[in-house]
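Mapping the sequence shown onto the UniProt record's numbering, position 141 (from 1) lands on 141, and the numbers just tick up by one.
Working notes for the structure below.
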Amino acid sequence: METNYNYASSSSSQEIKKEDIKILINAQKKRETRKEQKCVFCRNHNIIISKKGHKNHCKYNNSFHIDTCKPCSQTRQRQKFTAVEKKNNYQHQKIQSKMSSIEGYTDTHYINRTRAEQKCKKCLNHKLNITMKNHLKDCRYKNCKCERCQDTDERRKHVKDEAKTHREKMKIKYEQNDSPRSLDSEYSNYSPQFDRSVSFEDFCHTVNFQKSIHSNIPIEIKNHQFFYQRPMSPSEMEFFNQCYNFPIITKPYSQEYYSLDTMYPSTLRELELQNDTFNDSFDKNVDENMLKFFEDKFSLIYIDLKDLSEELIDI
1 METNYNYASS SSSQEIKKED IKILINAQKK RETRKEQKCV FCRNHNIIIS
51 KKGHKNHCKY NNSFHIDTCK PCSQTRQRQK FTAVEKKNNY QHQKIQSKMS
101 SIEGYTDTHY INRTRAEQKC KKCLNHKLNI TMKNHLKDCR YKNCKCERCQ
151 DTDERRKHVK DEAKTHREKM KIKYEQNDSP RSLDSEYSNY SPQFDRSVSF
201 EDFCHTVNFQ KSIHSNIPIE IKNHQFFYQR PMSPSEMEFF NQCYNFPIIT
251 KPYSQEYYSL DTMYPSTLRE LELQNDTFND SFDKNVDENM LKFFEDKFSL
301 IYIDLKDLSE ELIDI
């Protein structure tokens, strides 16, 4: 009997250990995926440091520095007014919980609520729970000068000032640093315009170059920020928008043939394009595998229609 008892206890202890290990693994995964908070005062000075265990050692989180530094003083004021608003909201929720225990009391706002919505802080100061959407102009306490509403106005003002200083700082930083994304020297001064003077070779070369940028990038860094910091110029945007926005036709080779003819009308073709081009007789006359056409400045070009249709679908 003793051996059986010992065996049962050891098996149960093993099961407990397995459960504990699973709990620890899940907790570790949550810690890894959780967004770690950063020190706001260090971030004002372009230093990214974790907030955990850093408050007592932060060289910017002291009264002397905060009085002399404008961004840090704005951050401190925002923290103060946010703390006051949280305290007022907690008291309001406490009152609501007490009132809900009374028979016959119902708070209509909490009935059938599916998600958290932003509330008007000034109405919350006066014990009214109203959503912020389409409410700011009609708020009855918009110009209220009570102590709580003044704190709310001050907090909003400091948030706006803080966002403004941050935008100005990022603008200066962006202007000082050259954009890391740049085209090759061949295309550095190239600003294409969509007109009849653009050659077919330049168009194909430019589109293939733009495709090769992303096709040759590893998947791990394909969505990295520096690939999207340089915006397109208006001329480039107009050019590529007009290149890609062709009307959709059912046949893939007809679509490509139509787009090429729209961009580069040619005097020498095997088949003349007219309004009744895209019908059954045209589809029979055109070879399903290859399409031949002439350009004024180039020799005969052979295009694989299947590959072109796949490229159009990808675009």
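Ideal Cβ placement from N, Cα and C applies to all residues, glycine included.
Quick caveat, the model's predicted, so the values are computed rather than measured.
With a 10 Å radius around its C-beta and 16 neighbouring C-beta atoms as the bar for buried, classify R78 as buried or exposed. buried
Expected contact under 8 Å - CB spacing of E154 and T131 to nearest Å: That pair is no contact at about 23 Å.
Quick check on K86: does DSSP put it in helix, strand or coil? helix
On the CB-based measure, 16 or more other CB atoms within 10 Å of its CB, does C72 come out buried or exposed? buried
So, under 8 Å CB-CB, K127 and C149 are touching, yes? Tell me the CB distance rounded to an integer number of Å. Contact flag wrong, Cβ pair sits at about 13 Å.
Consult DSSP for K51 and reduce its assignment to one of helix, strand or coil. coil
Just to confirm the assignment, what range does the alpha helix (DSSP H) spanning D67 have? Counted as a single uninterrupted DSSP element, the alpha helix (DSSP H) harbouring D67 occupies residues 63–68.
Own chain partners of K94 with C-beta closer than 7 Å, once the 5 adjacent residues on each side are dropped: none
K119 in three-state terms, based on DSSP: strand
Helix, strand or coil, according to DSSP, for K38 in the structure here? strand
Expressed to the nearest angstrom, what Euclidean distance is found between the alpha-carbon atoms of I66 and N88? 26 Å
Rounded straight-line distance, which links the Cα of K80 to that of K52: 20 Å
Excluding the five sequence neighbours on either side, which residues of its own chain have a C-beta within less than 8 Å of the C-beta of Q74, listed in chain order? H158, D161, E162, T165
By how many angstroms is the C-alpha of E147 removed from the C-alpha of K55? 30 Å
Could you tell me the distance, in whole angstroms, from the CA atom of K38 to the CA atom of C139? 35 Å
CA-to-CA distance, K137 to V40, given in whole angstroms: 32 Å
Can you find the residues in the same chain that come closer than 7 Å, C-beta to C-beta, to C144, ignoring five residues on each side of it along the sequence? In the same chain as C144, and ignoring 5 residues on each side of it, the C-beta atoms closer than 7 Å to its own belong to K122, in chain order.
Identity of the residues DSSP links to T152 by a beta bridge: Paired residue(s): none; T152 is not in a bridge.
Give me the Cα-Cα distance between C69 and E36, rounded to the nearest whole angstrom. 25 Å
Compute the Euclidean distance between the alpha carbons of K86 and N125, then round it to the nearest angstrom. Straight-line Cα distance between these residues: approximately 11 Å.
Whole-angstrom distance between T152 and I23, CA atom to CA atom: The C-alpha of T152 is placed about 42 Å away from the C-alpha of I23.
Excluding sequence positions up to five away, which residues of its chain have a Cβ less than 6 Å from the Cβ of N61? F41
Buried or exposed: which applies to Y90, given that a residue is buried once 16 or more other Cβ atoms fall within 10 Å of its Cβ? exposed
Bridge partners - T131, DSSP secondary structure assignment: K119
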